[in-house]
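Numbering (my numbering) for the sequence shown: 270 to 448. Using N, Cα and C, we set each Cβ at its ideal position, and we do this for glycine too. The structure under discussion appears below in the form of structure tokens.
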Amino acid sequence: MIEILRLDNYRPVTKQMKNILQPKKLAVIVASLLAAATVSYPISAQTTPGPIAEPNVKLNVQRTSGTCPQTVGLWWITLPYEGGAEHTVIADTKAFADSVKLVASNNKQFVEFVAPLRSNYASCVGQTRNQEYKFYTAQFKNKKAYFRVDLRKINAPAQEITYKTITASRPYVRWAIAD
Numbered sequence: 270m271i272e273i274l275r276l277d278n279y280r281p282v283t284k285q286m287k288n289i290l291q292p293k294k295l296a297v298i299v300a301s302l303l304a305a306a307t308v309s310y311p312i313s314a315q316t317t318p319g320p321i322a323e324p325n326v327k328l329n330v331q332r333t334s335g336t337c338p339q340t341v342g343l344w345w346i347t348l349p350y351e352g353g354a355e356h357t358v359i360a361d362t363k364a365f366a367d368s369v370k371l372v373a374s375n376n377k378q379f380v381e382f383v384a385p386l387r388s389n390y391a392s393c394v395g396q397t398r399n400q401e402y403k404f405y406t407a408q409f410k411n412k413k414a415y416f417r418v419d420l421r422k423i424n425a426p427a428q429e430i431t432y433k434t435i436t437a438s439r440p441y442v443r444w445a446i447a448d
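Shown next as structure tokens:
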């Protein structure tokens, strides 16, 4: 004979049902149902229109005279590895110049790019000053912008520029550092 217990005034609950309602068993049942619902729910990728990424570092420009951009944006990506890291930096010179040239040099510690300024910034005289990223600088003078990566300003046993070019009309530099 099945014994009937009453938990409320409306519904009888058997001992078998009472066993199912134990917290552990109930948690397993609910988790299984949630997992099944999650697996069966179709997932669709959502994209937002606009640029893929904005520069993740902004260097403030200290203006001496003329009309200058407020900042120089950098895309800076670091790939750490045991004993060092590889860095890739791209300067967003497109914000104030249409073209850029790599200044020829065999120096593995220093690279410089030069770009004629757009007419609205041609009067700019100024430069970036940043204590945290002092090895990245931009200077504005004589209707030109100069972007430099100077690894001599880093206190480390070994650092070297491994690749330098122009990509998408922007300065592109890859460099490595060892501990």
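- Sort out for me which residues DSSP pairs residue 329 with in a bridge. 340
- Query: Does DSSP put residue 364 in a helix, a strand or coil?
  - Reply: helix
- For residue 398, which three-state DSSP category applies? coil
- Query: Apart from the five residues just before and just after residue 378, which ones in its own chain have a Cβ nearer than 6 Å to its Cβ?
  - Reply: 420, 421
- Check each candidate in 416, 390, 409 and name the one with the smallest Cα separation from residue 359. 416
- Message: Let me make sure I understand the geometry here. Which of 406, 423, 371 has the alpha-carbon closest to that of residue 438?
- Response: 371
- If we ignore side chains and look at the alpha-carbon of each, how far apart do residue 443 and residue 391 end up? 29 Å
- Three-state secondary structure assigned by DSSP to residue 438: coil
- Return the Cβ separation of residue 394 and residue 405 in integer angstroms, given the expectation that the two are a contact with Cβ distance under 8 Å. Not confirmed; about 19 Å, so no contact.
- Query: What are the start and end residues of each continuous beta strand (DSSP E) run of 3 or more residues lying completely inside the region 370 to 417, in chain order?
  - Reply: 379 to 385, 394 to 397, 405 to 410
- Output yes or no for whether 8 Å exceeds the beta carbon distance between residue 402 and residue 328. yes
- Message: Would residue 435 and residue 354 be called neighbours here (beta carbons separated by less than 8 Å)?
- Response: Not in contact: residue 435 and residue 354 (Cβ atoms no closer than 8 Å).
- Query: Just checking my contact of residue 423 with residue 380 at CB under 8 Å: how many whole Å lie between their CB atoms?
  - Reply: Not a contact, Cβ separation roughly 14 Å.
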